[in-house]
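Just so we're aligned, residue 144 is where the sequence shown starts under this note's numbering, counting upward by one. In what follows, a single structure is set out as structure tokens and then discussed.
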Amino acid sequence: MKDLFVLENNSLNIKYFILLMFIAFIFSIVVRMIWVYQFSGIESFYWNNQLMINTNDGYYYAEGARDILNGTTHVNSTSPINSLLSKLTAIFAQILPVSFETLILYMPTFIGSLLVIPIMLITRLFKLDKVGFIAALLASITWSYYNRTMTGYYDTDMLVVVLPSFFIWGILLALTRKENYYLVIAPTFALLAMSWHGGEANIINSSFFLILIYTLIYERHNKHYYQFLSTLVIALTTLSVVVKFMLIIILVGIFHFFKDKLTDKIVITITILSALIYLYFGGMLWIIGILNNPYLTRALHADDLTMNLHYYGVINTIRETGHIPFETFANRISGHTLTFVLSIVGYLLLIIRYRLFILTLPMVILGFFALQGGLRFTVFAIPFMAMGVSYLIFLFSNIIKNNNIKNIFILLSSIAILYPNIKHVLVYKVPTVFNKYEVQTLDKLKSLSSRDDYVISWWDYGFPIRYYADVKTLIDGAQHSGSANYPVSSSLLNNPVAAANMARLSVESNEINLKTHCGTSVECILKYSHIKNPNLLLDILSSKDFKPFTKTNDIFFYLPNRMLSIIPTIDLFSNLNLLIGQQKSRPLFFQSTSFRENANSINLGGGIELMKKDGMIKLGKDTVQLNQLIIVEYDTKGRVRKNIQRVNPNSNIFVIFMKNYKKFLVLDKRLFNSLYIQLFVLENYDKDLYELVISDPYAKVYKLKI
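Quick look at the structure:
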């Protein structure tokens with residue numbers, strides 16, 4: 144049966160193989176330059192004469208690289224100066240003649256395109272060079288992989304698929320060539336992959352167990368397989384990277400120089416000892432971690448349970464970790480549902496024809512886990528699904544006897560699978576994280592603050608704030624558990640007095656926690672403010688007579704206009720009973736930029752209609768009176784002017800028209816009285832508590848005075 148799936152004349156000499164690899168690499172880069180061309184004329188996307196990056200997490204690693212280059216970091220800093228990406232960036236910044244902004248913009252373009260190399264190396268092991276070329280073209284630009292390695296997507300994702308793909312190549316190389324010196328390649332890439340991103344350990348561990356099972360079923364008498372398992376298992380222990388690499392080299396040296404003296408019994412004994420060492424130094428921890436993975440055990444209100452307090456789980460608010468439809472899943476992996484189906488067929492045929500190809504399953508399974516864990520996982524299946532559909536194309540071409548027609552078929556089929564992905568690239572116009580005006584605000588803030596000061600804002604903006612303003616934050620893209628988000632959410636969406644006290648308590652308790660490890664933010668606050676019932680905390684903080692901790696650092700509130708769109712999400716984290724984890728009554732918050740006006744009313748959409756007379760508003764089937772209708776606009780000097788129409792002081796409904804933004808807000812009294820609405824939208828603030836230090840239509844910055 145295997146003979147049916149043999150491809151003739153698919154291998155190339157090394158010269159043409161390298162040429163095709165280079166062409167695939169250049170193709171990947173050129174496609175990634177489309178985004179640069181599309182946004183090259185938009186001034187608001189530039190800073191320091193260069194396009195800014197388009198992923199929030201990139202600013203985390205950029206901060207680390209910046210601090211490495213400057214030789215500075217905060218005391219108890221979260222700056223990732225020890226991350227490989229930050230170190231690699233700092234090295235490139237010192238040797239390449241480009242600006243730092245240019246470097247972080249284009250690193251994913253070139254490094255992400257390296258995926259074509261392991262793909263073509265893997266297929267070359269099976270004499271499928273032409274298959275590898277088409278697969279490399281496809282995989283390098285497929286939806287998910289392009290999205291996470293496009294120009295400007297400066298993040299660890301640029302190597303998060305490349306390194307495990309090299310690891311898989313190392314496995315297949317070692318097991319097909321059966322030379323001892325090949326044994327070191329896969330463990331080395333395993334070390335690099337796990338050092339680059341901790342999540343890669345799932346692929347490495349899964350591969351180890353799969354190879355072990357494969358060996359016991361098919362190669363149980365093959366000494367070389369046991370030698371490979373012995374070297375690979377060392378990489379999976381929790382020993383230091385240097386120690387692991389040295390042990391791997393020593394073990395490979397023993398296998399190479401004493402191969403004539405190593406009996407099967409000795410090799411198997413070494414393998415068993417290595418496995419026991421693995422289980423003791425990390426293996427059991429990995430197994431337990433998988434069983435308790437939050438992607439498998441989602442809980443709506445159980446992000447943290449500490450001191451019997453229940454918080455809202457952030458995983459429920461991240462789109463990338465949510466369930467996805469099958470069509471989206473297929474498109475993200477192959478660009479089109481039909482291509483995806485053909486990819487699976489081709490992949491299964493590859494396994495049937497080349498049994499060792501089954502060892503690529505860990506990455507494919509992790510990619511398919513996206514159906515449960517969210518679209519971020521799809522990237523891992525892409526290289527091997529691309530190989531599958533490419534292999535199928537060449538299998539079908541075998542039926543055609545005429546070489547010219549065969550070549551035309553291969554060309555047209557390749558274009559057909561590439562086209563949906565190139566089309567996606569053309570329409571996937573991701574903006575930069577911040578625009579120039581928002582960065583200008585943070586740049587001004589940098590001159591008003593010190594490196595030890597704190598900025599309170601939502602975690603979406605944490606990394607850019609730290610990078611541009613060079614300050615501390617309480618939450619960011621890495622630190623956003625329910626317990627960490629609770630006090631920040633409370634500060635942003637509670638009344639300004641409670642917000643001021645909560646901000647001061649949160650910052651000072653964070654400083655205490657860095658020294659004493661007193662627990663979560665709320666635990667530290669409750670402990671040092673001697674409050675036993677967390678549900679009474681906000682009531683106590685709402686009093687001006689409350690005395691927070693002694694001030695050690697300045698605190699600033701960064702309130703961007705873009706935060707309006709996520710107010711309901713932010714509210715989820717603090718609008719709950721901490722003792723039982725139950726959400727309180729959901730707030731009314733609606734914003735409209737697409738409204739239609741007639742003689743009698745303004746239709747805001749969503750079943751909401753504002754009557755022009757009598758101060759009435761329709762909310763679905765109900766018609767109620769407003770408390771206030773407020774029109775807010777900026778004058779020619781940038782000052783806020785308000786026209787307030789008071790209707791019914793007993794009503795819970797407020798409407799704000801932000802004239803310059805052409806935006807209506809419909810909200811209840813609690814959110815109307817919140818710090819964000821009062822300070823950003825209305826500029827109503829107690830001058831004993833707050834000082835407006837930067838005012839801009841895109842963002843406002845207030846300094847806390849207590």
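Just so it is clear, CB atoms sit at the ideal spot from N, CA and C, and this is done for glycine as well.
For residue j and residue i, the rounded distance between their alpha carbons
i: ASN547; j: ASN156; result: 22 Å
i: SER349; j: MET337; result: 13 Å
i: HIS479; j: VAL274; result: 19 Å
i: ILE196; j: LEU257; result: 20 Å
i: LEU448; j: TYR454; result: Note on LEU448: pLDDT 44, under 50, position unreliable in the model; no value is reported.
i: ASN628; j: ASP200; result: 17 Å
i: SER664; j: SER624; result: 11 Å
i: LYS404; j: ILE411; result: 14 Å
i: ILE185; j: MET528; result: 37 Å
i: ALA513; j: ILE346; result: 15 Å
i: SER187; j: ILE565; result: 26 Å
i: ASN323; j: PHE310; result: 16 Å
i: THR232; j: HIS364; result: 46 Å
i: PRO639; j: SER817; result: 6 Å
i: LEU271; j: THR331; result: 25 Å
i: MET164; j: LEU239; result: 24 Å
i: LYS805; j: GLY749; result: 17 Å
i: ASN541; j: THR198; result: 44 Å
i: PHE520; j: ALA612; result: 33 Å
i: ILE392; j: MET301; result: 28 Å
First and last residue of the uninterrupted alpha helix (DSSP H) at residue i
i: ASP210; result: 201-213
i: THR482; result: 480-496
i: ALA233; result: 227-238
i: GLU244; result: 243-255
i: ASN786; result: Run containing ASN786: none in the alpha helix (DSSP H); it sits in the beta strand (DSSP E), 783-789.
i: PRO505; result: 504-511
i: ALA418; result: 407-421
i: ASP682; result: 680-684
i: ASP586; result: 579-591
Member of the options whose CA lies at the smallest distance from the CA of residue i
i: THR766; options: GLY758, LEU772, ILE262; result: GLY758
i: THR245; options: ASP272, ARG267, THR294; result: THR294
i: ASN793; options: ARG782, PHE469, LEU769, VAL304; result: LEU769
i: THR693; options: LEU669, TYR701, GLU654, ARG705; result: GLU654
i: GLY763; options: LYS756, LEU747, GLU776; result: LEU747
i: LYS387; options: ALA842, PHE800, TYR421; result: TYR421
i: MET250; options: PRO630, TYR296, TYR580; result: TYR296
i: PRO505; options: ASN638, PHE235, TYR357; result: TYR357
i: GLN515; options: PHE235, ILE487, ILE467, MET530; result: ILE467
i: PHE719; options: ILE773, SER632, LYS158; result: One detail in the question is off: residue 719 reads as Leu in this sequence, not Phe. With distances taken between Cα atoms, LEU719 lies closest to SER632.
i: TYR580; options: ASN827, LEU379, ASN191; result: ASN191
i: GLN181; options: SER652, VAL568, VAL650, ASP603; result: VAL568
i: ALA208; options: SER183, ASN225, GLN193, LEU194; result: ASN225
i: THR221; options: TYR610, ASP688, ASP697, SER686; result: TYR610
i: ILE260; options: PHE243, ALA278, ILE247, LEU248; result: ALA278
With 16 other Cβ atoms within 10 Å as the buried cut-off, status of residue i
i: LEU555; result: exposed
i: VAL173; result: exposed
i: GLN370; result: buried
i: GLN734; result: buried
i: LEU722; result: exposed
i: ASN803; result: exposed
i: PRO574; result: exposed
i: GLY341; result: exposed
i: LYS615; result: buried
i: THR215; result: exposed
Cβ neighbours of residue i in the same chain (closer than 6 Å, five flanking residues each side left out)
i: LEU485; result: VAL532, LEU535
i: LYS846; result: PHE699, GLU834, VAL836
i: ASP831; result: none
i: VAL507; result: ALA524, PHE527
i: ARG784; result: GLU776, ASP778
i: PHE400; result: none
i: PHE160; result: ASP272
8 Å Cβ shell around residue i - same chain, five flanking residues per side excluded
i: ASP811; result: PRO730, LEU731, PHE732, ASN795, ILE796, PHE797
Limits of the beta strand (DSSP E) - the one that residue i falls within
i: SER649; result: No beta strand (DSSP E) contains SER649, which is instead part of the alpha helix (DSSP H) from 639-659.
i: PRO691; result: That residue, PRO691, is in no beta strand (DSSP E); it is neither H nor E in DSSP.
i: LEU753; result: 751-754
i: THR766; result: 765-768
i: PHE269; result: Premise fails: PHE269 is in no beta strand (DSSP E) and is neither H nor E.
Nonlocal neighbours in the same chain, by C-beta distance under 7 Å from residue i, ignoring five residues either side
i: LEU591; result: VAL836
i: LEU753; result: SER744, ILE745, LEU747, ILE760, VAL798
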